[in-house]
Amino acid sequence: MRKKLALICVMCLGMMLMGCGTTTTPEIIMPDKPMTSSVTQDSTEGSTPTKSADKTETTDKDTTSGNSYKVYLITMDLTDSYWQSIDKGCQKAAKEIGNITYKWIGPDSHDDALQSACVDQAVADGANAILIAANSADGVNDSLKAAEQAGCKIVYVDSAASYDCVTALATDNEKAGQTAGQTMLQDLKDQGIESGTIGIMGVTKDTASCVAREKGFREAFEGTNYTLADTVYMEDDASKAASAVSDGLSNGYIGFFGTNEGTTSAIGQALKDAGQQSNVVGFDTSDTVLSLVADGVIYATMQQNPEIMGHDGLEIAVKALNGEYTDTNTKTDTGVTVITKDAM
């Protein structure tokens, strides 16, 4: 009976963690993809980094305090190149600080339960600090509370939950959304388009960063003759974006707004595949998005600073662990830059 009970417990834990980091086995911390490549940095100055066997980054350079820490980055998923940039910043900070074991994990889709499982996994692995781009405002709070009670420092990057933290580094998303809206407004006016309907593509209704961008975007159009359609949520399904673009074009939409890299690239790709033109403004600067901007399919995209979020977030987490950073719930706006074809 005890053997059966143990087997059931193991199976349940395995099912909970299947969506975290990889869809193969729960023991693999990071998927076998370039986006999660990690290195071991020798303490010898100028040494060549080598791939570590467990895809975990450990840096050996001595710090002032001499303490060593395990730091996790947990993102909403592992697919958007945006998260790779945050990871890059974290890796850079880990190398600069030294004595840091750094790991990047995340669910295979935008899902609160799967992201909570990732937080639980990090705690079980002995994480001292967790940098997290929260999937929703409240969906991972229970796991974050348990992490804090276990001694973890919580730092938000890109998207914050409502639970207390050391600090949150992110774009002021409402302000950035207003900038995106003003950018589209100017483009439409330059073309002599004074009215019409604009489609909006979101990620999920609970993705706080994108919801704030949408709010700012809508605010930019208040008091104008333009109509903003109800938001369509892509929910990790590019076919929904293709359908929304097709429906929008059929209904005479004059433009589309994407609230993140995934929605922006999906809108642009749908237009390109259909051989259609529209006025598109979006977010982030993946190779796909920049290519669509260069081709004139996307008019403008808001370039965030995810590498700064990762770098400074990990740096502050370590300072908090060392007692050098004692503030709580601070916020830093890492800003945006408008990227157009002319500005490339």
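Taking mature numbering (1 follows the signal peptide of the UniProt record, and there is no 0), I'd label the letters of the sequence shown as residues -19 to -1, 1 to 325.
Think of the CB as a built atom: it goes at the ideal place given N, C-alpha and C, for glycine as much as any other residue.
Option nearest S49 by Cα separation, candidates S90, I78 and M182: Walking along the sequence shown from the start, residue 49 turns up at place 68. Residue I78 holds the alpha-carbon nearest to the alpha-carbon of S49 among S90, I78 and M182.
Between the C-alpha atoms of A247 and E155, what's the straight-line distance to the nearest angstrom? Within the sequence shown, numbered from 1, the residue matching residue 247 stands at position 266. Within the sequence shown, numbered from 1, the residue matching residue 155 stands at position 174. Straight-line Cα distance between these residues: approximately 22 Å.
Exposed or buried, what is D101 when buried is set at 16 or more other beta-carbons lying within 10 Å of its beta-carbon? Position 120 of the sequence shown holds residue 101. Under this definition D101 is a buried residue.
Counting C-beta neighbours from all protein chains within 10 Å, is the total for E203 16 or more, i.e. buried, or is it exposed? In the sequence shown, the residue the question calls residue 203 occupies position 222. E203 is exposed by the Cβ-count criterion.
Determine the contact status of residue 327 and Q284, defining contact as a CB-CB distance below 9 Å. Here the chain covers residues -19 to 325 and nothing more, so residue 327 does not appear.
Just verifying my parser: in three-state terms, what is the DSSP assignment at G314? On the sequence shown, residue 314 is found 333 positions in, with the first residue counted as 1. The amino acid occupying residue 314 in the given sequence is Asp; Gly does not appear at that position. Reduced to three states, the DSSP call for D314 is strand.
Just to confirm, is the Cβ distance from D217 to H91 under 9 Å? As a working note, residue 217 is residue 236 in the sequence shown. As a working note, residue 91 is residue 110 in the sequence shown. In this structure, D217 lies near H91, with their beta-carbon atoms less than 9 Å apart.
Closest by CA to Q65, which one among M290, T307, S117 and L302? Residue 65 sits at position 84 when you count from the first residue of the sequence shown. Q65 has its Cα closest to that of M290, out of M290, T307, S117 and L302.
Would you mind listing the beta strand (DSSP E) stretches within the region 41 to 100 that are 3+ residues and don't spill past its ends, in chain order? 50 to 55 and 81 to 86
With 16 other CB atoms within 10 Å as the buried threshold, where does N310 fall? By one-based count along the sequence shown, residue 310 stands at place 329. It counts as exposed.
I248 in three-state terms, based on DSSP: The residue given as residue 248 occupies position 267 in the sequence shown. It is helical.
Buried or exposed: D293, going by 16 or more other Cβ atoms within 10 Å of its Cβ? Taking the first residue of the sequence shown as 1, we reach residue 293 at position 312. Classification for D293: buried.
Between M11 and Y63, what straight-line distance do the alpha-carbon atoms span, to the nearest angstrom? Indexing the sequence shown from 1 puts residue 11 at position 30. Indexing the sequence shown from 1 puts residue 63 at position 82. With a pLDDT of 34 at M11, under the threshold of 50, the modelled position of this residue cannot be trusted; read the value that follows with caution. Approximately 17 Å, taken between the alpha carbons.
Assign E296 to one of two classes, buried (16 or more other C-beta atoms within 10 Å of its C-beta) or exposed (fewer than that). Taking the sequence shown and counting its residues from 1, one reaches residue 296 at position 315. E296 comes out buried.
Using a 10 Å radius around the Cβ and a threshold of 16 neighbouring Cβ atoms, would you call K186 buried or exposed? Reading the sequence shown from its first residue, position 205 is the one you call residue 186. Looking at its Cβ environment, which holds fewer than 16 other Cβ atoms inside 10 Å, K186 is exposed.
Buried or exposed: which applies to Q72, given that a residue is buried once 16 or more other Cβ atoms fall within 10 Å of its Cβ? Walking along the sequence shown from the start, residue 72 turns up at place 91. The residue is buried, with at least 16 neighbouring Cβ atoms inside 10 Å.
Under a Cβ-count criterion, where at least 16 other Cβ atoms within 10 Å of its own Cβ denotes burial, should D276 be classed as buried or exposed? The count along the sequence shown starts at 1 and reaches residue 276 at position 295. Counting Cβ neighbours within 10 Å, D276 comes out exposed, since fewer than 16 surround it.
Rounded to whole angstroms, what's the CA-CA distance from I179 to K51? Just pull it up for me. The residue labelled residue 179 in the question sits at position 198 within the sequence shown. The residue labelled residue 51 in the question sits at position 70 within the sequence shown. About 46 Å.
Tell me, please, which residues DSSP counts as bridged to M182. Sequence index remark: in the sequence shown, residue 182 carries index 201 (1-based). V213 and G239.
Under three-state DSSP, which class holds A281? What you label residue 281 is simply residue 300 of the sequence shown in a count that begins at 1. The answer is strand: DSSP assigns A281 an E or B state.
In or out: M325 buried (at least 16 other Cβ within 10 Å) or exposed? Walking along the sequence shown from the start, residue 325 turns up at place 344. Exposed, because fewer than 16 other Cβ atoms sit within 10 Å of the Cβ of M325.
Can you find the residues in the same chain that come closer than 8 Å, C-beta to C-beta, to D145, ignoring five residues on each side of it along the sequence? Indexing the sequence shown from 1 puts residue 145 at position 164. Result list for D145: E129, I135, T309 and N310, in chain order.
For E129, verify whether its CB is less than 8 Å away from any heavy atom of the ligand ADP. This structure simply doesn't include the ligand ADP, nor any ligand for that matter.
Going by beta carbon distance, what residues of the same chain come within less than 7 Å of S124, once the five residues before and after it are set aside? Against the sequence shown, residue 124 aligns to sequence position 143. If we look at S124 and ignore the five residues flanking it on each side, its Cβ neighbours are S97, V100 and D101.
With N116 as the anchor, note down where its alpha helix (DSSP H) starts and where it stops. Position 135 of the sequence shown, counted from the start, is the residue given in the question as residue 116. Here N116 belongs to no alpha helix (DSSP H), and DSSP marks it neither H nor E.
Looking only at its chain, what residues have a beta carbon closer than 7 Å to the beta carbon of S176, apart from the 5 residues adjacent to it on each side? The count along the sequence shown starts at 1 and reaches residue 176 at position 195. Contacts found: N206 and Y207.
Backbone CA spacing between A75 and I81 [nearest angstrom]: As a working mapping, residue 75 is identified with position 94 in the sequence shown. As a working mapping, residue 81 is identified with position 100 in the sequence shown. Their Cα atoms are separated by approximately 6 Å.
Spatial neighbours of V270 within its chain, please: CB distance less than 8 Å, with the 5 preceding and 5 following residues excluded, ordered by chain position. One-based indexing of the sequence shown puts residue 270 at position 289. Counting only Cβ-Cβ distances below 8 Å, and skipping sequence neighbours, we find E242, T245, S246, G249, G263, I279 and T282.
Could you tell me which residues DSSP puts in a beta bridge with L150? As a working note, residue 150 is residue 169 in the sequence shown. Bridge partners of L150: V138 and T313.
Classify G233: buried if its beta carbon has 16 or more other beta carbons within 10 angstroms, exposed otherwise. Taking the sequence shown and counting its residues from 1, the one referred to as residue 233 is at position 252. Exposed.
Beta-carbon proximity list for E195, same chain, < 7 Å, skipping 5 on both sides: The residue given as residue 195 occupies position 214 in the sequence shown. G158, I181, G183, T212 and T240.
Quick check: the Cα distance between S140 and S267, rounded to an integer number of angstroms? One-based indexing of the sequence shown puts residue 140 at position 159. One-based indexing of the sequence shown puts residue 267 at position 286. If I take the Cα positions, the gap works out to 18 Å.
Any idea what DSSP makes of D23, helix, strand or coil? Here residue 23 refers to the residue found at position 42 when the sequence shown is read from its first residue. At D23, the pLDDT of 27 sits below 50, so the modelled position is not reliable and the matter cannot be decided from this model.
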